[in-house]
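Chemist:
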Amino acid sequence: MSMHDDIKNILLTKEEIDKRVQEMGAEITKAYEGKDLVVIVLLKGAAWFATDLTRAIDLPVRVDFMVASSYGKGTVSSGNVKVKLDISENIEGKHVLLVDDIIDSGITFAAISNMLKMQKPASLKTVALCDKAERRVNGLDADYVGFKIPDEFVVGFGLDYAGDYRNLPYIGVLKSSVYAHR
Ligand code: IMP
Ligand code: MG
4 MSMHDDIKNI LLTKEEIDKR VQEMGAEITK AYEGKDLVVI VLLKGAAWFA TDLTRAIDLP
64 VRVDFMVASS YGKGTVSSGN VKVKLDISEN IEGKHVLLVD DIIDSGITFA AISNMLKMQK
124 PASLKTVALC DKAERRVNGL DADYVGFKIP DEFVVGFGLD YAGDYRNLPY IGVLKSSVYA
184 HR
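Here the working numbering is used: the first residue of the sequence shown is 4, the next is one more, and so on.
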């Protein structure tokens with residue numbers, strides 16, 4: 004049994020993702036020229052996207068990580084965002100980009116943005132590789148979005164189901180039979 008067998012269809016190929024990430028890096032490079040940029044990566048999911056994105060940004064950047072969790076084992080946000088690992092960089096007066104793998108309800112970005120704003124960054128913008136806009140509960144929009152995707156549960160390129168499938172090199176829709184068996 005290969006993990007690929009659990010995928011109903013591939014939504015975004017590795018090549019499509021790589022190309023789009025390069026474009027996003029170029030756009031961010033233009034926008035932040037001459038500014039002190041700190042990229043904050045939401046672990047674990049955004050790690051795969053962020054390693055590529057930061058290398059596509061042709062500016063001196065500092066990188067930091069946060070672990071926030073609201074999901075538990077299910078496929079919908081619990082709405083209760085907890086910080087399990089905080090940043091160690093001082094972001095006061097810095098331009099901050101908060102990076103996640105996907106924006107869904109918008110609860111994670113809203114909660115973490117509010118926490119980071121208390122540390123007085125010069126600016127704070129959000130970056131998501133994928134955006135399920137239909138699912139938003141709070142009207143929040145990410146500032147930089149890789150791909151708008153339909154409302155289906157996706158895995159790969161960092162995105163997981165209960166911790167699995169993050170290392171798939173593409174983003175695919177998980178077969179619904181997979182959740183039923185857990
Ligand atoms: P939000 O707080 O509902 O916007 O959700 C953001 C978080 O939900 C992301 O960090 C993901 O970990 C997770 N998430 C949302 N949709 C998916 C999906 O389709 N596949 C895997 N993870 C998802
Ligand atoms: Mg996740």
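Virtual Cβ for every residue (Gly too), placed ideally from N, Cα, C.
Below 8 Å on the Cβ atoms is my contact criterion, and I expect Gln25 with Ala59 to pass it. Report the Cβ-Cβ distance as a whole number of Å.
Modeler: Yes, they are in contact, since the Cβ atoms of Gln25 and Ala59 sit about 5 Å apart, within 8 Å.
Chemist: Quick one: measure Cβ to Cβ for Tyr187 and Lys17, integer angstroms, because I've assumed they're closer than 8 Å.
Modeler: Nothing about residue 187 can be reported from this structure: the residues present for the chain run from 4 to 185 only.
Chemist: Please list, in chain order, all residues of the same chain as Leu101 whose beta carbon is under 8 Å from its beta carbon, the five residues on each side excluded.
Modeler: Ile43, Leu45, Phe112, Ile115, Ser116, Leu119, Leu127, Lys128, Thr129, Val130
Chemist: Report yes if the C-beta of Val158 is less than 7 Å from at least one heavy atom of the ligand IMP; otherwise report no.
Modeler: yes
Chemist: Note down, one range per segment and in chain order, each beta strand (DSSP E) of at least 3 residues found wholly within the region 91-169.
Modeler: 98-106, 126-134, 147-151
Chemist: Could you pull the start and end residues of the alpha helix (DSSP H) that Ile31 belongs to?
Modeler: For Ile31, the enclosing alpha helix (DSSP H) covers residues 17-34.
Chemist: I want to check one thing, is the minimum distance from the CB of Ser180 to the heavy atoms of the ligand IMP below 7 Å?
Modeler: Exclusion of Ser180 from the 7 Å shell around the ligand IMP follows from its C-beta lying no nearer than that to any non-hydrogen atom of the ligand.
Chemist: Taking the Cβ atom as the reference point for each residue, do Leu15 and Phe150 lie within a distance shorter than 8 Å?
Modeler: yes
Chemist: For Leu177, which option in Val158, Met4, Ala165, Asn170 has the closest C-alpha, if you only look at C-alpha atoms?
Modeler: Nearest option by C-alpha distance: Val158.
Chemist: Would you check whether the ligand IMP has a heavy atom nearer than 7 Å to the C-beta of Phe150?
Modeler: For Phe150, the shortest C-beta to heavy atom distance toward the ligand IMP is 7 Å or greater.
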